[in-house]
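Mapping the sequence shown onto UniProt numbering, position 280 (from 1) lands on 280, and the numbers just tick up by one.
The C-beta atom is built at its ideal place from N, Cα and C for all residues, glycine as well.
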Amino acid sequence: MMALAASLVVIVYFSIQYWVIKSADQQTEAKSNSSRPLLYSLSLAASGSSWMYYGSTSYAAKHGIEFAGLYVGIVLVFTLGFPLLRKIVQLAKSEGIKSISDFIGARYGKSFTVAALVTVITTIGLIPYISLQMTAIHYLIDVLSGVFDPNDTLDEHRLHLFIVAVEIGIGLFTVFYCARSPHFKERYEGLIHALAVDSVIKFTGFVLVGIAAVTFLFGSPTEIFTRLIVNQPNMPALQHGMSAGNFIGLILIGASSVLLLPNQFYLTIVQNRGASELSMARWFVPLFLLIIGIFVLPISAIGSMVLPAQVSADFYFLSLPLAAGRHWLAIIAFAGGIPAATTMIIAPSILLSVMISNDLILPVLLRRANINSPEIAKDFTKTIPNLRRAALIGILIAAFAYQFVVSVHVDFAVMALISAIAMMQLLPPLLGGLFWRRGTARGAIWGMLAGFGVWAYTMVLPTMLDTGSSIVVDGPFGLAALRPHALFGLEASNYINSLFWSLSVNIALFIAGSLSRSATPLERIQASVFIADSALSMNAVGSLQPSVTVNQLKMTISKYIGNEQTDLAFNSFHKQENIALEGSDAADFKTVHFAEQLLSGIVGSSSARMILSLAMGPTGPAQRRAQILLDHATDALAQNRHLLQTALDQMDQGISVFDRQYRLSCWNTQFRLILDLPKELQRMGTPLNRILSYLCERDDLADFTAKTFIEQFTDITTPWRLKLKGTGQTIEIRSNSIPDGGLVTTFTDVTNTVNADNLLRQTNESLELRVRDRTAELTLANQQLGKAQRRAEEANFGKTRFLADAGHDILQPLNAARLYSSALMEQLGNSREKELASNVDSSLEAVESIISALLDISRLDTGALKPVISVFRLDALLQQIGRDFAPTAREKGLDLRIVASSAVIATDRNLLRRLIQNLVSNAIKYCRSGKILVGVRRRGKSMELQILDTGIGIPPDKLDHIFREFSRLPEGMKESDGLGLGLSIVERIAKILDLSIIVTSRVGKGSVFSVTMVASNVPVLPTIEATQTVKPFSVLTGLTVLCVDDNERSLAGMQELLTTWGCQVLPFKSGKALLAYCVENPVAIPAVILADYNLDEENGLDVIQNIREHLQRHLKAALITADRSNHVRERALLEDISIINKPVRPAILRALLSHFSQAIAAE
1 MMALAASLVV
11 IVYFSIQYWV
21 IKSADQQTEA
31 KSNSSRPLLY
41 SLSLAASGSS
51 WMYYGSTSYA
61 AKHGIEFAGL
71 YVGIVLVFTL
81 GFPLLRKIVQ
91 LAKSEGIKSI
101 SDFIGARYGK
111 SFTVAALVTV
121 ITTIGLIPYI
131 SLQMTAIHYL
141 IDVLSGVFDP
151 NDTLDEHRLH
161 LFIVAVEIGI
171 GLFTVFYCAR
181 SPHFKERYEG
191 LIHALAVDSV
201 IKFTGFVLVG
211 IAAVTFLFGS
221 PTEIFTRLIV
231 NQPNMPALQH
241 GMSAGNFIGL
251 ILIGASSVLL
261 LPNQFYLTIV
271 QNRGASELSM
281 ARWFVPLFLL
291 IIGIFVLPIS
301 AIGSMVLPAQ
311 VSADFYFLSL
321 PLAAGRHWLA
331 IIAFAGGIPA
341 ATTMIIAPSI
351 LLSVMISNDL
361 ILPVLLRRAN
371 INSPEIAKDF
381 TKTIPNLRRA
391 ALIGILIAAF
401 AYQFVVSVHV
411 DFAVMALISA
421 IAMMQLLPPL
431 LGGLFWRRGT
441 ARGAIWGMLA
451 GFGVWAYTMV
461 LPTMLDTGSS
471 IVVDGPFGLA
481 ALRPHALFGL
491 EASNYINSLF
501 WSLSVNIALF
511 IAGSLSRSAT
521 PLERIQASVF
531 IADSALSMNA
541 VGSLQPSVTV
551 NQLKMTISKY
561 IGNEQTDLAF
571 NSFHKQENIA
581 LEGSDAADFK
591 TVHFAEQLLS
601 GIVGSSSARM
611 ILSLAMGPTG
621 PAQRRAQILL
631 DHATDALAQN
641 RHLLQTALDQ
651 MDQGISVFDR
661 QYRLSCWNTQ
671 FRLILDLPKE
681 LQRMGTPLNR
691 ILSYLCERDD
701 LADFTAKTFI
711 EQFTDITTPW
721 RLKLKGTGQT
731 IEIRSNSIPD
741 GGLVTTFTDV
751 TNTVNADNLL
761 RQTNESLELR
771 VRDRTAELTL
781 ANQQLGKAQR
791 RAEEANFGKT
801 RFLADAGHDI
811 LQPLNAARLY
821 SSALMEQLGN
831 SREKELASNV
841 DSSLEAVESI
851 ISALLDISRL
861 DTGALKPVIS
871 VFRLDALLQQ
881 IGRDFAPTAR
891 EKGLDLRIVA
901 SSAVIATDRN
911 LLRRLIQNLV
921 SNAIKYCRSG
931 KILVGVRRRG
941 KSMELQILDT
951 GIGIPPDKLD
961 HIFREFSRLP
971 EGMKESDGLG
981 LGLSIVERIA
991 KILDLSIIVT
1001 SRVGKGSVFS
1011 VTMVASNVPV
1021 LPTIEATQTV
1031 KPFSVLTGLT
1041 VLCVDDNERS
1051 LAGMQELLTT
1061 WGCQVLPFKS
1071 GKALLAYCVE
1081 NPVAIPAVIL
1091 ADYNLDEENG
1101 LDVIQNIREH
1111 LQRHLKAALI
1121 TADRSNHVRE
1131 RALLEDISII
1141 NKPVRPAILR
1151 ALLSHFSQAI
1161 AAE
């Protein structure tokens, strides 16, 4: 049963990885860029997972907390060693490096021998590590499947067949994935995605097992802790003391593994695409390891406590769930263990095959080839993949065979450390090459060979012998000083013994070999590249040309990647660099450098340099070395020249250098621009006399002769100034002598400084007179400005206070109330309730008129609104006001009387109504008992509208204050609430309508407000009394309306009103919510949009525009707003959006919707 589960997990895992790799290969670079930093970090975390799953628990079970040394070493590299990582990444990119062997070989003069030796050591060192992963898969399946029926020999036979099948499958998968294309970048992007998925699977499996182990597998956390305390004396995981030597050794191994393991170097250095990826990995990898490391010691300790002694500590993570009977958790652990092993088979094998192909086999083939023979023209596009496949198959066979050679007493932790110490032999040449300029290829070779030999003797040999072998116990020939595990009597752990002696011998011979002879020219050049802050740039080369054509370069490159890929690469490069070269043209150094970088990605840097040197001319070994040396020397000289010229061109001063014969030898851009010299004078060796003659011809040296100018020019004691007559510039010239003769001269344009000095002098001369003249003018202007400013401040203050209280927030609740009252009237039949609702609606309408007047009056102050004059009978207006205020008067016990009148006037009906309403309202507020009388008295051609009350009255000394904004008398504040705006509005309306107001009052008796107006003789047209009837709104039935308002009450009121008219209403509080609804419901197309203008963080015009663009339809739309500004109206008109001012009048809204409905039906 569990064997079947194991089979399914393996099949599902490889299916997922195949799909991930295929998807990654098809994914465009633009799509992968956004997630690339996370994928990069996850792939780095994946590479240490084999030790995490197998080695760390095994090591912790025997040595306790010492296991954390490896994790600490990796964390130190990504924190304290981050500058070194960044430097290596920069070097790898600039040098086109694709592997650890390529990197070390390039440092030592791009030496084939060094790169080949690194490849051999890496291959031999990693074969035990790859073999370890195969053994892990074998044991992993065995542990999972052997729980239920361990004695069934048939099942056991079938199980081993399945294990062999899995290992063969991994090999075929790896061979299939490897080398489909010879180009490094093109091929292994899918590997990054696969490793990222592996990290997630392994992390999940291990953490789940860790959490389960400490929480519920074998009891509660308290019970487990108690048992661990009791069993502590018999548990090495908790009892073993930490050895400082072992801990430091593991730190060193962990830190080195980040750079020395081929898969880690490739993932960390080669696959890095930018600083953002490395920055994310800087914190992600340590956090990943920290979370994993927390559970290593608990798993090891609990495993030692509850599992039998014969159970391998390497598989505690799987054995614990099985022992607890949690088969589901065991399958999860198995699912994490499979990727932990297969990852470290596939990735190192592929990268080793590339290193073997590029740094061992291919250079040998190239060296044997003769440039004049036909073989050199053979096509390598198929050879390289075949070489890699052959190398890969050889690696897998060797790793498989090593399982049967190694002694059975060697556990997983020791096997992993064997490979790690082999990789450590690359550390001295790597770090020495980055920090010691005198390190040479000879020293690197001597050190690596000696260290590798010590490693083989102290680590590999004992694994092939029994633990009781005489060589292991007594040393060869009985020499105890030569015991592999205690060399020269060093009493330390096996791996510390090997690490110490192998590195000591390696470093000693590296230093000795490097000092035994001087570095070759190529080694010195490469040392300057690797030890300097950045690599030499090929972009500096300008005038020098290599002896090879573009077609020759293309022909050489096409032998390795094919004609089509070569043409695409060169065309893209030339387009990017704006280089226009024909195939027969000589290639510039930029193109040659690009060709070398392109080849480096395929065959490595040392082989790439060799291939190009063969293509570019000399055929003999000495000639080829001379050619390479000449190339590097030319690069370095050109770079130095370019750096110097760039630095000079960035200076503001013009700089020129003349030799002892006064011939121009160096200059910068500013020198040419300041003197405005023609191109024929901007040449090396131009005599100073020719430059002077040209300046004289332009009459720039009118104040000098040639002799006096040269004398002045060569004066190195003091700077002097020259005024160019042609341009009017003033130039300051400074000269300094050169030790071997000649001059360095700087030219500074000081025209602005001279002009400023002259202007300052002139200004000082006339300053006193100007100050006296201007002081009197300024004093007068300041006085006038102060008066005007005070008037403006008073006016602005009043208007600001007025506008602040008549804005959007006042209209919002009124708008909601009006919508609710209208909806209520629509739903009530002919009843007493409807009459009451009608009165409510009428009162709201009156309030609406008042507030609208406030906003309109604010516009009248600026002259933006004019009154609309009409002729009407005053009686009708007064009777309507009487009906409006009758309920309020009755409520206070007042007798409100309206005297009938036949007077006819010509004025703005609405503004006059608001004026009278304010006066009547004030009379009711401040009248405790008695009567209020409203009537008209004729005064000849004029008439006087009077409002009389029996209220509290106004003191005579306060009559001038009552018309001020926010002015309220203390007696009035006791009678009624308010803001004190009513009479200020009355005064403004009176001024607009050209009316006069007279107030008479007696305290305790009452007040009389008289409004004088001119009577009109124009006859009034008869009017028909309108009756309020509900228009049929069947035309609105089914009309879909989107309503957007951030005020919940207004939105609910609008929804209620529109629903009574038969509309289908979709309310939204923001444009974002509306847009999200349209995205989720693409089929639901609305008919009309009603949007409030003032929304949170947006406005209604933008919302309407966005929805129209999203639906790609010109929907009917209306903007509901209290903002009466011109720019809102102009934009709404431009975008065909209707405007309804707040508070909304239902009749206007219904008419607009009916119009929209008819227009939609007609479309």
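- Beta-bridge annotation (DSSP): T1000 is paired with V1008.
- For A1159, the closest of Y53, V1079, K1069, L1039 by C-alpha to C-alpha distance is L1039.
- Under the 8 Å Cβ criterion, the stretch 422–442 does not count as touching the stretch 462–477, having fewer than three qualifying pairs.
- The Cβ atoms of L250 and L70 lie closer than 8 Å to each other.
- Taking a C-beta distance under 8 Å as the contact criterion, L509 and G453 do not qualify as a contact pair.
- Judged by beta-carbon spacing, A399 lies within the 8 Å limit of I130, meaning their Cβ atoms are closer than that value.
- The beta carbons of S516 and R437 sit about 16 Å from each other, so the pair does not count as a contact at 8 Å.
- Between H138 and the set S1138, I124, W1061, Q403, the nearest pair of CA atoms involves Q403.
- Burial is judged here by how many other beta carbons sit within 10 angstroms of a residue's own beta carbon; H1155 has fewer than 16 and is exposed.
- For G81, the three-state secondary structure derived from DSSP is coil.
- In this structure G953 does not touch K892 by the C-beta definition: roughly 17 Å separates them, more than the 8 Å allowed.
- The C-beta distance from V1014 to V871 rounds to 12 Å, too long to fall under 8 Å, and the pair is not in contact.
- DSSP, read as helix, strand or coil, puts V143 in helix.
- Around V899, the same chain offers G935 as residues with beta carbons nearer than 6 Å, after the five sequence neighbours per side are excluded.
- Beta-bridge partners of P385 (DSSP): none assigned.
- Its Cα nearest to that of Y13, the residue A194 stands out among S111, L132, S498, A194.
- Per DSSP, reduced to three states, the secondary structure at D773 is helical.
- Cβ-Cβ separation between P484 and T458: approximately 5 Å, consistent with a contact (criterion under 8 Å).
- Judged by DSSP secondary structure, F477 falls outside any alpha helix (DSSP H); it is assigned neither H nor E.
- A distance of 8 Å or more separates the beta carbons of A422 and L140.
- From the listed residues V197, G742, N1081, the smallest Cα separation to A335 is found for V197.
- Fully enclosed beta strand (DSSP E) runs of no fewer than 3 residues occupy 870–873, 895–898, 904–907 of the stretch 860–932, in order along the chain.
- Excluding sequence positions up to five before and after L252, its CB lies within less than 8 Å of the CB of G73, M424, L499, all in the same chain and listed in chain order.
- Around the beta-carbon of H1110, fewer than 16 other beta-carbon atoms lie within 10 Å, marking it exposed.
- The DSSP-derived three-state label of D1102 is helix.
- With fewer than 16 other Cβ atoms from the protein chains shown falling within 10 Å of its own Cβ, P739 counts as exposed.
- Per the DSSP secondary-structure output, G654 pairs in a beta bridge with F747.
- Judged by DSSP secondary structure, N736 falls within the beta strand (DSSP E) whose first and last residues are 730–737.
- Annotation: the continuous alpha helix (DSSP H) that includes D102 extends over 100–107.
- In the structure shown, N782 adopts helical secondary structure according to DSSP, grouped into three states.
- Contact between A923 and G951 holds, with the beta-carbon distance rounding to 6 Å and staying under 8 Å.
- For the pair Q682 and R672, the CB atoms are nearer than the 8 Å cut-off.
- Of all alpha-carbon atoms in G940, I985, L759, the one lying nearest the alpha-carbon of L919 is that of I985.
- Between the alpha carbons of I992 and N910 lies a gap of roughly 12 Å.
- Per DSSP, V1018 lies in no beta strand (DSSP E) segment and is marked neither H nor E.
- DSSP, reduced to helix, strand and coil, places W446 within a helical segment of the structure shown.
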